[in-house]
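Scroll down for the structure; my scribbles are underneath it.
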Amino acid sequence: MTRNVPEKPSLEGLEAKWMHQWEAESIYRFDRSKERSDIFAIDTPPPTVSGSLHMGSVFGYVQTDANARYRRMTGREVFYPMGWDDNGLPTERRVQNYFGIRCDPSLPYDPGFTPPAEPADPPISVSRRNFIELCHGLTAEDEKVFEELWRELGLSVDWTQSYATIDAHSRRTSQKAFLRNLARGEAYSQEAPVLWDVDFRTAVAQAELEDRERPGSYYRVSFHLPDRSPLFIETTRPELIPACVALVAHPDDERYRGLFGTNVTSPLFGVELPVLSHELADPEKGSGIAMICTWGDTTDVTWWRELDLPTRSLIQQSGRLSQEVPDWIERESGREAYRQIAGLYPNQAKKRIAELLVESANLDGEPRPITHPVKFYENGDRPLEIVSSRQWYIRNGGRDPELRTRLLQRGTELDWTPGFMGVRYEHWVNGLSGDWLISRQRFFGVAVPLWYPIDGEGEVGYDHPIVPDEESLPVDPTSATPPGYEEEQRAQPGGFLGDPDIMDTWATSSLTPQIAGHWDDDPDLFSRVFPMDLRPQGPEIIRTWLFSTVVRSHYEHDALPWAYATINGWILDPDRKKMSKSKGNVITPQALIEEHGAEAVRYWACNGRPGTDTAVDFGVMRIGRRLATKLLNASRFALGFADDVDLSAITEPLDRSMLAMLSEVVAQATEAFDGFDYARALELAERSFWTWTDDYLELVKGRAYEGGVAGASAHAALQVALSVYLRLFAPFLPFVTEEVWSWWRPGSVHRAPWPTVDELAPHRGDSAILELTGEVLSAVRKAKSDAKASMRAEVSLVSISATHDRLDLIRQAETDLQAAARAEQVRYAQGDPNVEVVLAQV
RNA sequence: GGGCGUUUAGCUCAGUUGGCUAGAGCACUGCCCUUACAAGGCAGGGGUCGGCGGUUCGAGUCCGUCAACGCCCACCA
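Going by my numbering, the first residue of the first sequence is number 765, and it counts up by one from there.
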């Protein structure tokens, strides 16, 4: 093959050139004819499509790509799909804000609706179908932008395998898996208290909660004993006094022991309430006795359940207190008090109640300000309330110790990188307090694929849903008619009701191995890729994505979904603060790629150790760019000689020494990559590469230019080494390595075999020769540097003192050393290691 | 409150089962147009490896403890 080495190689334009070339030649296309054992399947995280990609995504995806490229070069056919997580609340939020619209399911579909160019204010209400269409439209736009960015970054994804969690195939897979969970009793519905976001008007799951410190106040409120004397409790939520069902204290609390079993009366409302005991009551908190409401917090739910208390729910799904005066408030004065707060939001009601408490002398002292943790939906802006509603759940061990043990076992079967991340899984599973709530009262998502029969009395039969055939999936029960019914029977007595809910996004993305592997419609493909090999992802979604995927796979396949999980670290901004939109310190990947180049950004990402938090560091990116430039220039030198080389010509001890050194690097880098430690593999390759250019290239230069037998040895060794280096760097710097490869080798470096110790075996010498000679050369350079002389300055004598064995080794490279040092003479003496350099007189 | 992680040069980080005078890059200083590379190269200065205590012939590396920072989790009275 004729060599085509440019005069002045440049990084300019390489990324665009190869990005398109790879696509045109389908370099990364998955070959599905391969057997399972020859395939390496990656369950790529589908990024959330709601605006712009985050640097954190770039970081993790590049690291995974390096691992993927390594596996491909070792001969595995890499199944590397890309998904888009576009269903769910993040998309709805983005669409609402982008267009200034809101979904109102009661509105009819308007086929002619076009969204306003500017976000409408106040928001325009649109039908459910219009809303979903806009969601599809906007996510499709975003996905194009994302794909472009991934291509620019050089991800070796097979773009023919992409999916979106809202596409028909994903919906079908998701509904099918859910129906199978239902058939096996793993999914169930239940009317129960749930954590509720009043803005989004949906239930949320345990995995989506976060605590936020919020200011609040303790109100010291008097309840009344039968003799009218006060019993003080402290509460942060006096507005829930009308929802109170009991008071509770610790069973051992001497102060209240005598009251257990007696009744007290609530202030303002005059409701009689029992005083009960429970271990969870903390004598140290407040006055040591608490009021139990249905429900002010999750402890209330526990007490309510365990003490078998009545339900007096006041907060509605809208977040407002009930308009109706509840019937458990019997006294007219109490009913009048309730009218003061009926229909208010809790914070408004709290103010009014506080006034009423003061007026009635039931508030002891001033409210005492505190800060306390309050539960929020992670994407929400207002505290969650607890309301009662019917929801769908999947059993996840939260209420079943046996299942929990089995799922914990799954976690230990999984190979975690880094290992300590497995602890997070274990802690999460151990901390589960209930089953997985999968239904959401939203619109843009996979529908719960069920209808419910309505009997002649108008009662809905939630406990015996009407199930669609698998062949009819995906279905939208709010528009499709169940088998055996007519559409006119919708919501009629004797008819049916379509489940209006959708499933949470995790209920679908927990099936990414099944979606990407086409479990539902391509069993041949599925059998070749499942269980997959690798799940790469961020640490913050171990409790959601990773765990839920394990749960679904456990149920459906009685297997782990993958053998390995690699967990990447966080991205910190240059000041080592966690990057977040709210802090305004987000650096967009697009801007970085434009400024530093994809290769530099990749280099930076691959410098971050697995699972280690890493700061955005432009300095590191510049090093990456310099490395890429160096690769171009060194390649130009290495390929600047004979077109055809004879590998058997590699006879010079220094050449064989260099290849021995390289062989060790290959062995170590391979071992590192096998353990998913791309960063160590890069470090090893890089360190050795700089030795190669600084020492070996300098030492061999003279001989290479001279030619002859010794020159031919250098020419061949240079090419062998370059071929190895290009392949070692290919997972990290895919563009520049491909460019150089194209100068003299057929095909793509990314389909070339990973370098092996075996291929270097015939050429290996003693690696110490290069190392020792390099040290001598450094000493010569130092002497010249100290003398402020040019590196080209002539040297009259180099005296090397070392052990006999070492001198022997250095002697084998004497000619090269002499040439590189520009030394007239080299002398050797046994003794302590030392190099003396006498510069020639000018 | 519990757990996990981090703490090594001014900065960003390596240091793989304990072993020779602790490494790299950036920054800093000095030198060098050298026919692969001056948006480069060569060389140099700089660290009591967070504190304390222990195990060991030997500790950045193992154990204990404390501290700071980060993250995850936790029943909002």
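Built from N, CA and C at the ideal position, the CB exists for glycine as well.
How close, in whole Å, do the beta carbons of Val985 and Thr1000 come, if the pair is a contact with beta carbons under 8 angstroms?
11 angstroms between Cβ atoms; not a contact.
Determine contact between the segment 1585-1595 and the segment 1567-1576, defined as no fewer than three beta-carbon pairs at a distance below 8 angstroms.
Because the criterion of three Cβ pairs below 8 angstroms is met, the segment 1585-1595 and the segment 1567-1576 touch.
Do you know offhand how far Asp1091's Cα is from Leu1037's?
Asp1091 and Leu1037: Cα-Cα distance of roughly 15 angstroms.
Output the distance between the C-alpha atoms of Ser1274 and Gly918, rounded to the nearest integer angstrom.
Each residue's alpha carbon lies about 27 angstroms from the other.
Output the residue ranges of the alpha helix (DSSP H) runs that lie fully inside the segment 1003-1074 and measure 4 residues or longer, sorted by chain position.
List check, alpha helix (DSSP H) in window: 1018-1021 and 1062-1070.
Indicate the three-state DSSP secondary structure (helix, strand or coil) for Tyr862 in the structure shown.
Residue state, collapsed to three classes: helix.
Can you find the residues in the same chain that come closer than 7 angstroms, C-beta to C-beta, to Leu1237, ignoring five residues on each side of it along the sequence?
Around Leu1237: Arg936, Gln939, Lys940 and Pro1213.
Does DSSP classify Asn1598 as helix, strand or coil?
Correct three-state label for Asn1598: strand.
Which residues in the same chain have their Cβ closer than 6 angstroms to the Cβ of Pro1133, if we skip the five residues on either side of it in sequence?
Here the set comprises Ser981.
Using the Cα positions of Pro1519 and Arg833, report the straight-line distance between them to the nearest angstrom.
So the alpha carbons of these two residues sit roughly 13 angstroms apart.
From Asn861 to Pro886, what does the alpha carbon distance come to, in whole angstroms?
Taking the straight line joining both Cα atoms gives about 11 angstroms.
For Asp1297 versus Trp1270, is the C-beta spacing smaller than 9 angstroms?
Taking 9 angstroms as the Cβ cut-off, Asp1297 and Trp1270 do not qualify as a contacting pair.
Specify the secondary structure class of Trp1215 as computed by DSSP and reduced to three states.
Here Trp1215 sits in strand by DSSP.
Rounded to the nearest angstrom, what separates Thr1567 and Glu1558 at their Cα positions?
Approximately 27 angstroms, taken between the alpha carbons.
Given a cut-off of 9 angstroms on the beta-carbon distance, is the pair Asp1179 and Tyr1328 in contact?
Cβ distance < 9 angstroms, so Asp1179 and Tyr1328 count as in contact.
In three-state DSSP terms, what is Leu1497?
Leu1497: coil per DSSP, three-state reduction.
Compute the Euclidean distance between the alpha carbons of Val1187 and Thr1330, then round it to the nearest angstrom.
So the two alpha carbons sit approximately 14 angstroms from each other.
Could you spell out where the alpha helix (DSSP H) holding Val1193 opens and where it closes?
Per DSSP, Val1193 belongs to the alpha helix (DSSP H) from Met1185 to Asn1194.
May I ask you to report which of helix, strand or coil DSSP gives Gly1262?
Gly1262: strand per DSSP, three-state reduction.
I'd like the span of the alpha helix (DSSP H) that includes Lys1548, first residue to last.
Ala1532 to Asp1550 is the extent of the alpha helix (DSSP H) around Lys1548.
Beta-carbon within less than 8 angstroms of Leu1071's beta-carbon, same chain only, minus the 5 sequence neighbours each way: which residues are those?
Only Ala1010, Val1012, Leu1040, His1042 and Ile1056 meet the Cβ criterion.
Between Arg858 and Thr1245, what straight-line distance do the alpha-carbon atoms span, to the nearest angstrom?
Answer to the nearest angstrom: the Cα atoms are 31 angstroms apart.
When we look at the beta-carbon of Ala1392 and count the other beta-carbons within 10 Å, is it buried (16 or more) or exposed?
So Ala1392 ends up on the buried side.
Put Ala967 into one of helix, strand or coil per three-state DSSP.
It is a strand residue.
Report the CB separation of Leu1581 from Val1521 in whole angstroms; it is logged as a contact under 8 angstroms.
Wrong, their Cβ atoms sit about 28 angstroms apart, outside the cutoff.
Based on Cα-Cα distance, which residue from Gln785, Glu779, Glu799 and Arg767 lies nearest to Phe1290?
Minimum Cα distance to Phe1290 is reached at Glu799.
Taking all protein chains shown into account, do 16 or more other C-beta atoms lie within 10 angstroms of the C-beta of Lys1345, making it buried, or fewer, making it exposed?
Legend: pLDDT at Lys1345 = 48, less than 50; position of this residue unreliable, no value from coordinates given.
Can Leu1121 and Pro1006 be called in contact, C-beta distance under 9 angstroms?
No. Outside cutoff.
So Asp1377 and Leu1336 are supposed to be a Cβ contact under 8 angstroms. How far apart are they, rounded?
Contact holds; Cβ gap of about 6 angstroms.
Measuring straight from C-alpha to C-alpha, what distance separates Asp1596 and Arg1570?
Spanning the two alpha carbons is a distance of roughly 11 angstroms.
Report the partner residues of Arg1254 according to the DSSP bridge assignment.
Phe1260.
Just the C-alpha distance for Asp1530 and Ser1427, rounded to the nearest angstrom, thanks.
Cα to Cα, Asp1530 sits roughly 11 angstroms from Ser1427.
I need the straight-line Cα distance from Leu943 to Val1231, nearest angstrom please.
Taking the straight line joining both Cα atoms gives about 8 angstroms.
In the DSSP output, which residue or residues are listed as bridge partners for Thr1181?
DSSP lists Thr1330 as partners of Thr1181.
Give every residue of the same chain whose Cβ lies closer than 6 angstroms to the Cβ of Glu1100, excluding the five residues on either side of it in the sequence, and list them in chain order.
So no residue of the chain qualifies.
With a cut-off of 8 angstroms on the beta carbons, I'd call Arg1276 and Gly847 a contact; round off their distance for me.
Per the sequence shown, the amino acid found at residue 1276 is Thr instead of Arg. Rounded, the Cβ-Cβ distance is 6 angstroms, consistent with contact.
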